[in-house]
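Reading through the C-alpha cells given below for one structure.
Residue numbers (the working numbering), protein chains in the order written: chain A, 4 to 307; chain B, 723 to 1035.
See the structure below:
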C-alpha cells in the first residue's frame, strides 16, 4: 500500500514536470512558426528606414502605410490579381465538377470494370511522361500562350478523386441508391438531388484544395504563357520578391546617394506589403475552413 | 417482385449492367479523357528519349538513336553533381522532416490545455497555405545581406560582423531549403498523425494509469504503437519520392552563386529541355529519374511487406 502511494507520488511529480516541458516545447514551436509571419506584418506598416536598419523587431516602428500606397500604384500586380481570380474561379469549377462526378461513379458498386479504371487512374500518380513530353504535347495542341492551358492542366487530380470516392462511399449507403432506383431514379438525378446536397463538407474540401492550388501556382504560367498581361499573381510576385534584384540594388546603393536610397528602401518594405496583399485572401478564410481541410486530409488517409 | 431498374439477379450479363449504368461512364469520361490526353499521351512521347527529336520531323518521324542520350547524360560532368544534389536534398529532407511532425503530434496529443493545443494547431497549419513564391521571397528578404532581419539579429548578439552571405553560399543552400520546408509544413504534416491518435481507445490510457504509467510511458507504449501503421505508409510514400525533389522551390531558390549545390535533376531537365531546346536529352534525363522513382517505391513497399507491417498494396 505504501509502495503504491509512493509510486503515485513519483508519477504525478514526473507528470508535472513533463507537462511543463510540453508547454515549453510547444511555446518555442509556436514562436518559431508565428514570428516570421508576424514580422512580415509589422514590417509592412513600419517606416522603411527603421525596417532596413533593423530597429523593427517586435512591434511596428513609426507606423505608416507608404508601402501599401506603393503596392496600390503597382499596376502589374493588380492585373495579375485579376488574372489569378479568373484562373482560380474557372479552374476550381472545372476541377471540382470533374472530381465529384468521377468520385461518385467510382463509389457505385454497379460500376463494372472498377478495378481496371482505378488502375488506369492510379498509375498516373506514380509514373508520368515528364515535363518535356507534356510541353511538346501542349505545343502540338497549339495551346502555348493560351490561358485555357492554365485552367485545364492539373484540373484532374487522382488523389482528390479517391478522396471524393471514399467520402461518398462511406456517407451514402448503397441501399439509398437501390431504393431510389426502384422508384425510377437514375444516376444523374441521384447525383444532383441526393449526393450533392448530402456532401457539403466534401464539396468544401474540394473547392478549397483546388482554389489554393491554383492561387499559389506559377509554374505552368512560366512555361506555357508568354504575354505579361496574362500572367497570374504569383508570376508578378516572383518578379517583385524573389528575383535577385534585391541583392543588386543593395550593391548599387553603396555607389549611389541618399535620394536613390530612400526610394530603394521603400521598394524593400513594399515587398512585405506585397506578401500580405497576395496571401491575405487565403490566410483570412483559412481559419474558418480549417476543420474542412483537416477533414479532407483525414478522408484521404483512409486506406482504400 | 423486383420491378425497379436494378433487380438483384446475379446472372445478368455484364454488358447489360454496363448499359443500364451508362451514366456512370459518362460521369467518368472527362477524368479518363484528361488522363489519356495529359498523362498517357505524354508517356508515349517518352520515345523521343531514344530518338533525335527535331520539331519539324515530329515525334514519329525523328530518327532512332537508341541509348545515345542516356550515355551522353551519364558521361556529363553535370551527371554526378545533379544526382548528388538531388539525393542530398531529399535524404536530408526525409531525415529531418519526417520525424518532426510525428513528435509534434505526440506532444500536441498529450498537451494538457486544449485551448493552447488549438492555438498551436491553427498557427502551425497557416504557413502551409503560403505559396512557394512567397515562401522563397520571405527567405530572400529575411536573409538579405545587410537589410535582412536574420543579419540584424545576429549582429545584435555580436555573432556576425558585416553583411550576411548565406543566400549565395552553396554550403548553406541545403539547410535553407530543408528547414524552410519544415517551417512551412511541420504543422500540416502532423494532422494525419493527430487523426490517427484520436482513434486510440481511451481505456488503454486508463489501464496504463492503473498500472502506474507516467505520461512519457503512455506515449511510448500506447501512442507510438498506434501511430506505427501510419508512419510506415507515409514513410513508404516519402521514400518512393526520394528522387523527385520538387522543381518549384529549388528553382526559385537558385542563383548564379549556389548552383553547385542547388542544381537538381528536375531543374536541369527544365534548363536543357525548355531552355536550350535539347528535348531528347531532357526527356532521357527525366525518364531516368521517373524509372528510379518507380523502382524505389516498389522496393520500399516490398521491404515494408517483408517486415510484416502495413504496405501500400
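Backbone N, C-alpha and C define an ideal beta-carbon position, used for all residues, glycine too.
Just so it is clear, the structure is predicted and the values come from calculations on it, not from any experiment.
Given residue 865 of chain B, which residues of its chain have a CB within under 7 Å of its CB, disregarding the five upstream and five downstream residues?
-> Here residue 865 of chain B corresponds to residue number 143 of the second chain, with the count starting at 1. Result list for residue 865 of chain B: 872, 886, 888, 889, in chain order.
Taking just the CA atoms, how far does residue 781 of chain B sit from residue 1010 of chain B?
-> Here the question's residue 1010 of chain B lines up with position 288 in the second chain. Here the question's residue 781 of chain B lines up with position 59 in the second chain. Approximately 19 Å between the Cα atoms of the pair.
For the alpha helix (DSSP H) that contains residue 81 of chain A, what are its first and last residues?
-> Residue numbering aside, residue 81 of chain A sits at position 78 when the first chain is read from its first letter. First-last of the alpha helix (DSSP H) with residue 81 of chain A: 78 to 110.
Beta-carbon proximity of residue 162 of chain A to residue 128 of chain A, cut-off 8 Å | As a working mapping, residue 162 of chain A is identified with position 159 in the first chain. As a working mapping, residue 128 of chain A is identified with position 125 in the first chain. Yes, they are a contact pair.
Euclidean distance between Cα positions of residue 211 of chain A and residue 63 of chain A = Locating residue 211 of chain A in the first chain gives position 208, counting from the first residue. Locating residue 63 of chain A in the first chain gives position 60, counting from the first residue. Roughly 33 Å between the two C-alpha positions.
In chain order, what residues of the same chain have a beta carbon less than 7 Å from the beta carbon of residue 824 of chain B, not counting five sequence neighbours either side?
-> For the purposes of this step, residue 824 of chain B is taken as residue 102 along the second chain, with counting starting at 1. Same-chain partners within the cutoff: 915, 949, 953.
Bridge partner(s) assigned by DSSP for residue 894 of chain B | Indexing the second chain from 1 puts residue 894 of chain B at position 172. None; residue 894 of chain B has no bridge partner.
Closest by C-alpha distance to residue 217 of chain A, when choosing among A:285, A:269, A:271 | Within the first chain, numbered from 1, the residue matching residue 217 of chain A stands at position 214. Residue 217 of chain A has its Cα closest to that of A:285, out of A:285, A:269, A:271.
Kindly indicate if chain A contains any beta-carbon less than 8 Å away from that of residue 786 of chain B.
-> One-based indexing of the second chain puts residue 786 of chain B at position 64. It does not; no Cβ of chain A falls within 8 Å.
Straight-line CA distance for residue 810 of chain B to residue 822 of chain B?
-> For the purposes of this step, residue 810 of chain B is taken as residue 88 along the second chain, with counting starting at 1. For the purposes of this step, residue 822 of chain B is taken as residue 100 along the second chain, with counting starting at 1. Distance between the alpha carbons of residue 810 of chain B and residue 822 of chain B: 19 Å.
Which residues, in chain order, does the stretch 125 to 146 of chain A contribute to contact with chain B at a C-beta distance below 7 Å?
-> 127, 129, 130, 131, 132, 133, 134, 135, 136, 137, 138, 139, 140
Take every Cβ of the stretch 233 to 240 of chain A, pair it with every Cβ of the stretch 842 to 859 of chain B, and state whether three or more of those distances are shorter than 8 Å.
-> yes
Can you grab the Cα-Cα spacing for the pair residue 65 of chain A / residue 53 of chain A, in whole Å?
-> For the purposes of this step, residue 65 of chain A is taken as the residue at position 62 of the first chain. For the purposes of this step, residue 53 of chain A is taken as the residue at position 50 of the first chain. Whole-angstrom Cα-Cα distance: 8 Å.
Helix, strand or coil: how does DSSP classify residue 298 of chain A here?
-> Translated into positions along the first chain, residue 298 of chain A becomes position 295. If DSSP states are grouped into helix, strand and coil, residue 298 of chain A belongs with the helices.
Any idea what DSSP makes of residue 901 of chain B, helix, strand or coil?
-> Along the second chain, read from residue 1 onward, the residue named residue 901 of chain B stands at position 179. The answer is helix: DSSP assigns residue 901 of chain B an H, G or I state.
Taking all protein chains shown into account, do 16 or more other C-beta atoms lie within 10 angstroms of the C-beta of residue 836 of chain B, making it buried, or fewer, making it exposed?
-> In the second chain, counting from the first residue as 1, residue 836 of chain B sits at position 114. Answer is exposed; the Cβ neighbour count stays below 16.
Taking Cβ positions only, does residue 999 of chain B come closer than 8 Å to chain A?
-> Counted from its first residue, the second chain places residue 999 of chain B at position 277. Chain A contact via Cβ: absent.
Kindly list, in the order they appear in chain E, the residues whose Cβ is closer than 8 Å to that of residue 67 of chain A.
-> No chain E is present in this structure, whose protein chains are A and B.
Cβ distance (whole Å) where residue 746 of chain B is taken to contact residue 113 of chain A below 8 Å | For the purposes of this step, residue 746 of chain B is taken as the residue at position 24 of the second chain. For the purposes of this step, residue 113 of chain A is taken as the residue at position 110 of the first chain. Yes, residue 746 of chain B and residue 113 of chain A are in contact; Cβ-Cβ is about 7 Å, under 8 Å.
Mind pulling the alpha helix (DSSP H) runs of 4 or more residues that sit fully within the stretch 176 to 247 of chain A?
-> 177 to 185, 190 to 193, 203 to 219, 222 to 227, 236 to 240
Can you tell which of A:165, A:107, A:167, A:140 has its C-alpha closest to the C-alpha of residue 156 of chain A?
-> Sequence index remark: in the first chain, residue 156 of chain A carries index 153 (1-based). When each option's Cα is compared against that of residue 156 of chain A, the closest is A:140.
In chain B, which residues lie less than 9 Å from residue 33 of chain A when you measure between Cβ atoms?
-> To locate residue 33 of chain A, count along the first chain from 1; it is residue 30. Within 9 Å Cβ-Cβ: 838, 841, 842, 845, 846.
Scan the stretch 939 to 998 of chain B and note each continuous alpha helix (DSSP H) run of 4 residues or more that stays entirely inside, going in chain order.
-> 946 to 962, 969 to 975, 981 to 984, 987 to 992
Beta-carbon proximity list for residue 751 of chain B, same chain, < 8 Å, skipping 5 on both sides | The count along the second chain starts at 1 and reaches residue 751 of chain B at position 29. Contacts found: none.
Given a cut-off of 8 Å, decide if residue 818 of chain B and residue 958 of chain B are closer than it, judged by their beta-carbon atoms.
-> Here residue 958 of chain B refers to the residue found at position 236 when the second chain is read from its first residue. Here residue 818 of chain B refers to the residue found at position 96 when the second chain is read from its first residue. No; because the gap between Cβ atoms is not below 8 Å, this pair is not in contact.
So with Cβ pairs under 8 Å, would you call residue 1008 of chain B a contact of chain A?
-> For the purposes of this step, residue 1008 of chain B is identified with residue 286 of the second chain, where counting begins at 1. Closer than 8 Å: yes.
Limits of the unbroken alpha helix (DSSP H) element including residue 747 of chain B | To locate residue 747 of chain B, count along the second chain from 1; it is residue 25. It spans 744 to 757 - the alpha helix (DSSP H) in which residue 747 of chain B sits, taken as one unbroken run.
Of all the CB atoms in chain A, is at least one closer than 8 Å to the CB of residue 761 of chain B?
-> Residue numbering aside, residue 761 of chain B sits at position 39 when the second chain is read from its first letter. It does; some Cβ of chain A falls within 8 Å.
Three or more beta-carbon pairs under 8 Å between the stretch 930 to 942 of chain B and the stretch 828 to 848 of chain B, yes or no?
-> yes
Could you list which residues in chain B have their beta carbon closer than 9 Å to that of residue 219 of chain A, in chain order?
-> On the first chain, position 216 is the one that residue 219 of chain A refers to. The answer, in chain order, is 851, 852, 853, 854, 855, 856.
Name the chain A residues that come within less than 8 Å of residue 739 of chain B, Cβ to Cβ?
-> Within the second chain, residue 739 of chain B is the residue found at index 17, counting from 1. Chain A residues near residue 739 of chain B: 113, 115.
If we ignore side chains and look at the alpha-carbon of each, how far apart do residue 738 of chain B and residue 744 of chain B end up?
-> As a first step, residue 738 of chain B is located in the second chain; it is residue number 16 there, counting from the start. As a first step, residue 744 of chain B is located in the second chain; it is residue number 22 there, counting from the start. Rounded to the nearest angstrom, the two C-alpha atoms are 10 Å apart.
Roughly how far, in whole angstroms, is the beta-carbon of residue 22 of chain A from the beta-carbon of residue 764 of chain B, given that I think they are within contact range, below 8 Å?
-> Start at 1 with the first residue of the first chain, and residue 22 of chain A comes out as number 19. Start at 1 with the first residue of the second chain, and residue 764 of chain B comes out as number 42. About 54 Å; that fails the 8 Å criterion.
Partner residues on chain A for residue 834 of chain B, Cβ-Cβ distance less than 7 Å = Your numbering for residue 834 of chain B matches position 112 in the second chain. Per Cβ cutoff of 7 Å: 22.
Considering residue 800 of chain B, what are the terminal residues of the alpha helix (DSSP H) in which it resides?
-> As a working note, residue 800 of chain B is residue 78 in the second chain. Run containing residue 800 of chain B: 799 to 819, per the alpha helix (DSSP H) assignment.
Go through its chain and collect everything with a Cβ distance to residue 989 of chain B's Cβ below 7 Å, but skip five positions before and after it.
-> The sequence position of residue 989 of chain B within the second chain is 267, counting from 1. Hits under 7 Å: 969, 972, 973, 976.
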